[in-house]
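Numbering (this note's numbering), first residue to last: 58 to 315. Note that beta-carbon positions come from the ideal geometry of N, C-alpha and C, so glycine has one too. For reference, the structure is listed below as structure tokens.
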Ligand SMILES: Nc1nc2c(ncn2[C@@H]2O[C@H](COP(=O)(O)OP(=O)(O)OP(=O)(O)O)[C@@H](O)[C@H]2O)c(=O)[nH]1
Ligand SMILES: [Mg+2]
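Shown next as structure tokens:
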């Protein structure tokens, strides 16, 4: 069970962006509380603190609704990793990442890493097979009064007929995600040969069944560690002057007026 520390200054920030309803909050609930429960559409943003070894990582959940669009660049400020999330059964949610959300990441760190996450894999063919033999966490919480009740229908056994129809639900292929990742690197002016390869940065998940959710977050936690160490070294090398320090230093300095 992951350990979530209460309050300590985070060493690094990860932000999850994406259109409304793709499942950003549900992914965080699945990872932090091991549950798939009712959600309400996020207003503004919220953050979770995750202790990862000796480090503290803040994970910022953001609102997908257009009316909160402007806040996204504020949340991305200083981010070491951005999770760009779409719904595998909704092509438009992938297109929105490039049209509406990518520019918000201009305020992220220059060496920020980008993960492309297709959620709701339980609604596509591949995940249905996973669920049929799924042994991941599946304690669903049906109660609660949120406006976005989890898709309540129990996952039917994967039958060939169902698989073909369920597979039709899948509107976004892995190739689509991989090519988006390449366009993001070019937008950032990054040399693809120096970046983490697309097959490491494109994930398909299901907040509903837990499929690939731990792998997503814990892969990113390991990937941001170098950024934490760099930050710490920079902080140690450029000690800030403590303006509050009034100790006499022998030499009296007086405010002078010109
Ligand atoms: N089947 C299925 N439904 C999901 C999954 N993840 C989220 N949902 C459902 O999708 C709806 C939206 O989920 P949220 O987590 O609130 O989506 P969000 O991206 O946080 O939305 P905003 O806060 O409005 O930006 C809810 O009804 C969830 O139950 C998933 O992996 N599978
Ligand atoms: Mg949300």
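Beta-bridge pairing of residue i - partner residues as DSSP gives them
i           : result
residue 176 : 144
residue 112 : 109
residue 241 : Note: residue 241 sits in no beta bridge, so no partner.
residue 259 : 173
residue 138 : 71, 170
Beta-carbon proximity of residue i to residue j, cut-off 8 Å
i           : j           : result
residue 79  : residue 176 : yes
residue 170 : residue 138 : yes
residue 179 : residue 263 : yes
residue 240 : residue 155 : yes
residue 130 : residue 164 : yes
residue 72  : residue 284 : no
residue 172 : residue 260 : yes
residue 135 : residue 118 : no
residue 42  : residue 181 : Beyond the ends of the chain as shown, which are 58 and 315, falls residue 42; an answer cannot be given.
residue 273 : residue 174 : yes
residue 88  : residue 279 : no
residue 116 : residue 104 : yes
residue 244 : residue 255 : no
residue 133 : residue 106 : no
residue 126 : residue 91  : no
residue 242 : residue 232 : no
Three-way DSSP call (helix, strand, coil) for residue i in this model
i           : result
residue 268 : coil
residue 89  : helix
residue 103 : strand
residue 234 : helix
residue 95  : coil
residue 81  : helix
residue 133 : helix
residue 119 : strand
residue 281 : helix
residue 74  : strand
residue 165 : coil
residue 182 : helix
residue 149 : helix
residue 228 : coil
residue 295 : coil
residue 159 : helix
residue 154 : helix
residue 66  : coil
residue 253 : coil
Residue i classed as buried or exposed, judged by whether at least 16 other C-beta atoms fall within 10 angstroms
i           : result
residue 75  : buried
residue 142 : buried
residue 147 : buried
residue 94  : buried
residue 97  : exposed
residue 66  : exposed
residue 167 : exposed
residue 81  : buried
residue 230 : exposed
residue 286 : exposed
residue 290 : exposed
residue 149 : exposed
residue 267 : buried
Test: residue i CB closer than 8 Å to a CB of chain D
i          : result
residue 98 : Considering every chain present, this structure includes no chain D. It has just one protein chain.
- Closer than 7 Å is what we want: which residues have a beta carbon that near any heavy atom of ligand 2? List them in chain order. 81, 82, 96, 98, 99, 118, 120, 121
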